[in-house]
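Peer 1:
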Amino acid sequence: MARVLKAATVVVASASVGALFPRLQAPVPVVRALSTLQSPPQVARAVWSLGRLNHVAIAVPDLDKARAFYRDVLGAQVSEAVPLPDHGVSVVFVNLRNTKMELLHPLGSNSPISGFLQKNKAGGMHHVCIEVFPLLECLLLLISCSQNVLFF
Numbered sequence: 325m326a327r328v329l330k331a332a333t334v335v336v337a338s339a340s341v342g343a344l345f346p347r348l349q350a351p352v353p354v355v356r357a358l359s360t361l362q363s364p365p366q367v368a369r370a371v372w373s374l375g376r377l378n379h380v381a382i383a384v385p386d387l388d389k390a391r392a393f394y395r396d397v398l399g400a401q402v403s404e405a406v407p408l409p410d411h412g413v414s415v416v417f418v419n420l421r422n423t424k425m426e427l428l429h430p431l432g433s434n435s436p437i438s439g440f441l442q443k444n445k446a447g448g449m450h451h452v453c454i455e456v457f458p459l460l461e462c463l464l465l466l467i468s469c470s471q472n473v474l475f476f
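To convert, count from 1 in the sequence shown and add 324; that's our numbering.
1. Excluding the 5 residues preceding and the 5 following Ile-482 in the sequence, name in chain order all residues of the same chain whose CB lies nearer than 8 Å to its CB.
2. Is Pro-409 near Leu-431, with beta carbons less than 8 Å apart?
3. Please name the residue in Ile-454, Arg-376, Lys-443 whose C-alpha comes closest to that of Pro-385.
4. Rounded to the nearest angstrom, what separates Leu-464 and Val-371 at their Cα positions?
5. Check for me: the alpha helix (DSSP H) holding Glu-404 runs from which residue to which?
6. Nearest-angstrom Cα distance between Phe-457 and Ser-435?
7. If we call anything under 8 Å between Cβ atoms a contact, is Val-380 one with Val-452?
8. Using only CA atoms, which one of Gly-439, Ser-414, Gly-375 lies nearest to Asn-422?
9. Using the Cβ count rule (16 or more neighbours within 10 Å means buried), how would you classify Glu-455?
10. If I follow the unbroken beta strand (DSSP E) through Cys-453, where does it start and stop?
11. Alpha carbon to alpha carbon, how far is Leu-377 from Val-406? Give it in angstroms, no decimals.
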């Protein structure tokens, strides 16, 4: 269940859908930086270290068509569509050998993905997620720099 502190600029996730797709989940917590008008915090020395690429999220205008393309044409392992009403999206998880992709589609016109697709009719990359360690120090620094945070 999501707990929103402010409008989502940074998403802090820890196995967000592990119960549904345990094989597709990262074994460690992750922080996702979403697009924002604010500059990222500048630090003299990072208090965290960057980990691996966790996933790439792609907004798509037709979720069924995109799911079929990755499954039938590219031969990827894909999940069923998972509605995440707290985030205003439906997600299809695409499992790749070394990372994952998320295909995002809006659940209604108030979804942030709906606005993204209005500007990008064919869809496109919405965000990338890179794991960071330790999560708590990263989270505290982002909050102290007035970054908006959304918890999973």
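All residues carry an ideal CB built from backbone N, CA and C; glycine is no exception.
Peer 2: Walking through what the data contain:
1. The structure shown does not extend to residue 482, since the chain is modelled only from 325 to 476, so the question has no answer here.
2. As a first step, residue 409 must be located in the sequence shown, where it is residue number 85. As a first step, residue 431 must be located in the sequence shown, where it is residue number 107. It is a contact, given that the beta carbons lie within the stated cut-off.
3. In the sequence shown, counting from the first residue as 1, residue 385 sits at position 61. Cα-wise, what sits closest to Pro-385 is Lys-443.
4. Here residue 464 refers to the residue found at position 140 of the sequence shown. Here residue 371 refers to the residue found at position 47 of the sequence shown. Their Cα atoms are separated by approximately 10 Å.
5. On the sequence shown, residue 404 is found 80 positions in, with the first residue counted as 1. First-last for Glu-404: undefined, no H or E at that position.
6. Reading the sequence shown from its first residue, position 133 is the one you call residue 457. Reading the sequence shown from its first residue, position 111 is the one you call residue 435. In a straight line, the C-alpha of Phe-457 is about 30 Å away from that of Ser-435.
7. For the purposes of this step, residue 380 is taken as the residue at position 56 of the sequence shown. For the purposes of this step, residue 452 is taken as the residue at position 128 of the sequence shown. Cβ atoms of Val-380 and Val-452: closer than 8 Å.
8. Position 98 of the sequence shown holds residue 422. When only C-alpha atoms are compared, the closest one is Gly-375.
9. Position 131 of the sequence shown, counting from 1, holds the residue named residue 455. Under this definition Glu-455 is a buried residue.
10. Here the question's residue 453 lines up with position 129 in the sequence shown. That run of the beta strand (DSSP E) goes 448–457.
11. Locating residue 406 in the sequence shown gives position 82, where the first residue counts as 1. Locating residue 377 in the sequence shown gives position 53, where the first residue counts as 1. Going by the C-alpha atoms only, they are around 22 Å apart.
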